[in-house]
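Residue numbers (our numbering), protein chains in the order written: chain A, 1 to 139; chain B, 1 to 139; chain C, 1 to 139. The beta-carbon is built from N, C-alpha and C at its ideal position, and this holds for glycine as well. Working notes for the structure below.
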Amino acid sequence: MKSHTSYLWFSTPGRRDYINITSAVEEELVKSGVSEGLCLVNAMHITASVYINDDESGLIQDYDDWLEQLAPHEPISRYRHNLTGEDNADAHHKRQIMGREVVVAVTGGRLDLGPWEQIFYGEFDGRRKKRILIKIIGE
Amino acid sequence: MKSHTSYLWFSTPGRRDYINITSAVEEELVKSGVSEGLCLVNAMHITASVYINDDESGLIQDYDDWLEQLAPHEPISRYRHNLTGEDNADAHHKRQIMGREVVVAVTGGRLDLGPWEQIFYGEFDGRRKKRILIKIIGE
Amino acid sequence: MKSHTSYLWFSTPGRRDYINITSAVEEELVKSGVSEGLCLVNAMHITASVYINDDESGLIQDYDDWLEQLAPHEPISRYRHNLTGEDNADAHHKRQIMGREVVVAVTGGRLDLGPWEQIFYGEFDGRRKKRILIKIIGE
Numbered sequence: 001m002k003s004h005t006s007y008l009w010f011s012t013p014g015r016r017d018y019i020n021i022t023s024a025v026e027e028e029l030v031k032s033g034v035s036e037g038l039c040l041v042n043a044m045h046i047t048a049s050v051y052i053n054d055d056e057s058g059l060i061q062d063y064d065d066w067l068e069q070l071a072p073h074e075p076i077s078r079y080r081h082n083l084t085g086e087d088n089a090d091a092h093h094k095r096q097i098m099g100r101e102v103v104v105a106v107t108g109g110r111l112d113l114g115p116w117e118q119i120f121y122g123e124f125d126g127r128r129k130k131r132i133l134i135k136i137i138g139e
Numbered sequence: 001m002k003s004h005t006s007y008l009w010f011s012t013p014g015r016r017d018y019i020n021i022t023s024a025v026e027e028e029l030v031k032s033g034v035s036e037g038l039c040l041v042n043a044m045h046i047t048a049s050v051y052i053n054d055d056e057s058g059l060i061q062d063y064d065d066w067l068e069q070l071a072p073h074e075p076i077s078r079y080r081h082n083l084t085g086e087d088n089a090d091a092h093h094k095r096q097i098m099g100r101e102v103v104v105a106v107t108g109g110r111l112d113l114g115p116w117e118q119i120f121y122g123e124f125d126g127r128r129k130k131r132i133l134i135k136i137i138g139e
Numbered sequence: 001m002k003s004h005t006s007y008l009w010f011s012t013p014g015r016r017d018y019i020n021i022t023s024a025v026e027e028e029l030v031k032s033g034v035s036e037g038l039c040l041v042n043a044m045h046i047t048a049s050v051y052i053n054d055d056e057s058g059l060i061q062d063y064d065d066w067l068e069q070l071a072p073h074e075p076i077s078r079y080r081h082n083l084t085g086e087d088n089a090d091a092h093h094k095r096q097i098m099g100r101e102v103v104v105a106v107t108g109g110r111l112d113l114g115p116w117e118q119i120f121y122g123e124f125d126g127r128r129k130k131r132i133l134i135k136i137i138g139e
């Protein structure tokens, strides 16, 4: 069995951002030499997500609005977590909607994605350095 | 390490539908010859889900109502994504709630599921051909 | 390829509870002897979650309030599922928000977690014995 581990760093200029990381994951798959297996991609911070959906700017704005409806950033005092001095409780909630991780099949040396599947990093509390992890196992 | 890959096609008559695919996944596990490992099942389209929950008709209707509350189909103009000519922005949202994929343990040659766990395909924008992927790795 | 399977039992005193299981998963990893691979941790019951987030009591109370807003327990008659004689339909909904499972990378013989990542069992219909599954594969 082969395995390959890689970490990607992000520091987004705004509080929330959505970054297509599909090509970066594909590059790691090439390095891994795995042709049949599984590829895990996960946020390593608990106010961010890795998810798969469409790279369409209108949809991304729709997601952002919807997450803000489901778990508003303000008032900060809405959340007990913010009593710790943080202001990012909403980000911990938004990340649960969008998920921590994706597991993608590797088939014939490629990410076995559907026609519109794109892997995204969803940042909900940016403006600092944060990591994702890519782990590929197989043969 | 063994690996097995299979694709299942669906074309549901209505916009939304919930299909128990547990037996179909079990069939692929038998074909794989894997006795210890992991089984990934994921939607390959971004307006559909694979999830695990109860095969109880009342609950499925509850889910459908709840998803429609959280991300209503209409008005179509509610979503920027629909400005592209699509009318399925709600389906992209519903799928994030229910998730893209499940990973199931394989133990002793069987899907290692709890007593009520059933694997479902959740379709939120049907009436066309769409695929799921089954990837099994192990020994 | 090595594989290791373990089941943990829980019976929480209240209806809803949130239990940090990171150490228990780490113990199973040591037993597995796996140094590079993947670790699946999933609820085996469909009214419970395994998720990764912060071990901070304010945030956990925030989650509990938020889940109750998104899928209230009462009135029981709100849900068709409860016509079966159950009163736990809300728990089936809360679990979909928080998720069934996590997949964690194993690197250098350790769970490859970010600085604040903690693995939690989220119970939404407690007061009875329920299981989670840990499956570790790799080398």
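**Asked** In whole angstroms, what is the alpha-carbon distance linking Asn88(B) and Arg100(B)?
**Response** 16 Å
**Request:** Pair every Cβ in the segment 125-134 of chain C with every Cβ in the segment 31-49 of chain C, then say whether three or more of these pairs are closer than 8 Å.
**Result:** With contact defined as three or more Cβ pairs closer than 8 Å, the segment 125-134 of chain C and the segment 31-49 of chain C are in contact.
**Request:** Could you pull the start and end residues of the beta strand (DSSP E) that Trp9(B) belongs to?
**Result:** Run containing Trp9(B): 2-10, per the beta strand (DSSP E) assignment.
**Asked** Beta-carbon separation of Arg16(C) and Thr47(C) under 7 Å?
**Response** no
**Cβ separation of Leu38(A) and Val103(A), assumed to be a contact under 8 Å, to the nearest whole Å** = With a Cβ gap of about 6 Å, Leu38(A) and Val103(A) count as contacting.
**Prompt:** According to DSSP, which residues form a beta bridge with Tyr79(C)?
**Reply:** For Tyr79(C), which the question treats as bridged, DSSP gives no partner whatsoever.
**Item:** Residues within the segment 88-114 of chain A neighbouring chain C, beta-carbon criterion of under 8 Å
**Value:** Ala89, His92, His93, Arg95, Gln96, Ile97, Gly99, Arg100, Glu101, Val103
**Request:** Determine the burial state of Glu74(C): buried for a count of at least 16 other Cβ atoms within 10 Å of its Cβ, exposed for fewer.
**Result:** exposed
**At least 3 beta-carbon pairs within less than 8 Å: the segment 107-127 of chain C vs the segment 48-59 of chain C** = yes
**Asked** Beta carbon of Gly126(C), beta carbon of Tyr18(C): below 7 Å?
**Response** Taking 7 Å as the Cβ cut-off, Gly126(C) and Tyr18(C) do not qualify as a contacting pair.
**Asked** Taking only beta-carbon atoms, is Lys135(C) less than 7 Å away from chain B?
**Response** yes
**Request:** For Asn20(C), count neighbouring Cβ atoms within 10 angstroms of its own Cβ and tell me buried if that reaches 16, exposed if not.
**Result:** exposed
**Item:** Which listed residue (Met1(C), Thr5(C), His4(C), Pro13(C)) has its alpha carbon closest to that of Arg128(C)
**Value:** Pro13(C)
**Request:** Go ahead and pull the three-state DSSP assignment for Lys129(B).
**Result:** Three-state result, Lys129(B): coil.
**Message:** I want to see whether chain C comes within less than 7 Å of His81(A), judged by CB atoms only; does it?
**Reply:** Residue-level contact by beta carbon holds for His81(A) and chain C, with a gap shorter than 7 Å.
**Prompt:** What's the gap between the Cα of Ser49(B) and the Cα of Ala43(B)?
**Reply:** 6 Å
**Exposed unless 16 or more other CB atoms sit within 10 angstroms - verdict on Gly138(C)** = buried
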